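One structure is given below, encoded as structure tokens.
Numbering (the numbering used here), first residue to last: 21 to 343.
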């Protein structure tokens, strides 16, 4: 079998790459086909048109990604979301510090309240990794609802954590306000103009004007839609170029080889990123499993030892110190 029949077709799967990596690969491939040193013949209108379509969708995807990253509401929501998470982390950190502090001047009732409050906070699992903003909203609201109960208010008061919960409540309200403004803007943007009409004075009814109703403005396509379209177009372009290359037409074998190099480079980058993420996840899991039982108990003993000597029973809930 001749070399012309062993044509390698590039594989640029958007599901294996980040959006920016996929966009970079599409731009580089279409640029090498349309503007590279090995130009496609002018008579090959279909190949050139397909490559131009890919380049056009690539720029639309670039604009969509920029809109997603730089949108006003998206930026404000991310900031409010980050603020409320920071308050959750801060109150947990302060309570753990208070509970572990060996200062004998700290009353046992305050240590006990700090430990009980840690159990309440960790029950809602707000600080867990990879939670969506909507999930965090539900969990934070549930925590604030429980914090408003009289019994919990007493625990918060004894632990001296009232200021943190007030700040968390403000951050939650700010996030809800931004979300509401975004929804209102979306509804207003999707409303169509009222149909124009004029009153028929003879019949007392309404007669429509001759002007045609305005056509609705199409919504911008989402990033995932654009990546699906672009992936399909690239696949069709590669198949067409491979068919022409098998017939010995130039320079499609060379263009496909250059595209394969670009795809292989990005695939290697994606594999390296995935490997690093897996190693980081494994390290985090080992860090939580191995020292959790021994180190946490060791950290609790100095704080609870004096309490036992004074006849105060320790409160169960060491799991609140984990994480």
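Cβ atoms here follow ideal geometry from the backbone N, Cα and C, with glycine treated the same way. As the structure is a computational prediction, the values presented were derived from the model and not from experiment.
Buried or exposed (CB count within 10 angstroms, at least 16 for buried), residue i
i, result
"residue 279", "buried"
"residue 192", "buried"
"residue 306", "exposed"
"residue 136", "buried"
"residue 66", "exposed"
"residue 45", "buried"
"residue 300", "exposed"
"residue 32", "buried"
"residue 50", "buried"
"residue 317", "Note that residue 317 has pLDDT 44, beneath the 50 cutoff, so the model's placement of it is unreliable and the number below is only indicative. Classification of residue 317: exposed, given that the 10 Å Cβ count is below 16."
"residue 30", "buried"
"residue 250", "buried"
"residue 100", "buried"
"residue 254", "buried"
"residue 154", "exposed"
"residue 35", "exposed"
"residue 183", "exposed"
DSSP three-state assignment for residue i, whether helix, strand or coil
i, result
"residue 65", "helix"
"residue 239", "coil"
"residue 131", "helix"
"residue 268", "coil"
"residue 57", "coil"
"residue 38", "coil"
"residue 76", "helix"
"residue 252", "helix"
"residue 160", "helix"
"residue 26", "coil"
"residue 170", "helix"
"residue 151", "coil"
"residue 275", "helix"
"residue 189", "helix"
"residue 44", "helix"
"residue 101", "helix"
"residue 198", "helix"
"residue 109", "helix"
"residue 306", "helix"
"residue 145", "coil"
"residue 32", "coil"
"residue 139", "helix"
"residue 125", "coil"
"residue 180", "coil"
Residue i versus residue j - alpha carbon distance
i, j, result
"residue 62", "residue 54", "11 Å"
"residue 2", "residue 93", "Outside the displayed range of the chain (21 to 343) lies residue 2, so it cannot be described from this structure."
"residue 262", "residue 83", "31 Å"
"residue 110", "residue 247", "39 Å"
"residue 70", "residue 140", "59 Å"
"residue 282", "residue 76", "19 Å"
"residue 275", "residue 252", "18 Å"
"residue 172", "residue 124", "25 Å"
"residue 277", "residue 95", "41 Å"
"residue 64", "residue 258", "14 Å"
"residue 315", "residue 188", "Low local confidence applies: a pLDDT of 46 at residue 315 is under 50, so the model's placement there is unreliable, with the coordinate-based value given in what follows. Rounded to whole angstroms, residue 315 to residue 188 spans 30 Å at the Cα level."
"residue 19", "residue 47", "In this structure the chain extends from 21 to 343, so residue 19 is not present and cannot be described."
"residue 68", "residue 145", "54 Å"
"residue 268", "residue 260", "13 Å"
"residue 194", "residue 296", "35 Å"
"residue 41", "residue 105", "29 Å"
"residue 142", "residue 294", "30 Å"
"residue 138", "residue 302", "26 Å"
"residue 85", "residue 240", "12 Å"
Test: residue i CB closer than 8 Å to a CB of chain D
i, result
"residue 52", "Protein chains in the displayed structure number just one, and chain D is not present."
Practice task
Would you check if there are 3 or more beta carbon pairs closer than 8 Å linking the region 165-182 to the region 128-137?
Solution key: yes
Exercise for the section: Report yes or no: do three or more beta-carbon pairs, one from the region 279-297 and one from the region 56-70, lie closer than 8 Å? Expected result: no
Exercise for the section: Evaluate contact between the region 114-124 and the region 193-204, counting only Cβ atoms and requiring at least three cross-stretch pairs below 8 Å. Expected result: no
Practice task
For the region 69-85 and the region 154-167, state whether three or more C-beta atom pairs, one from each stretch, are separated by less than 8 Å.
Solution key: no
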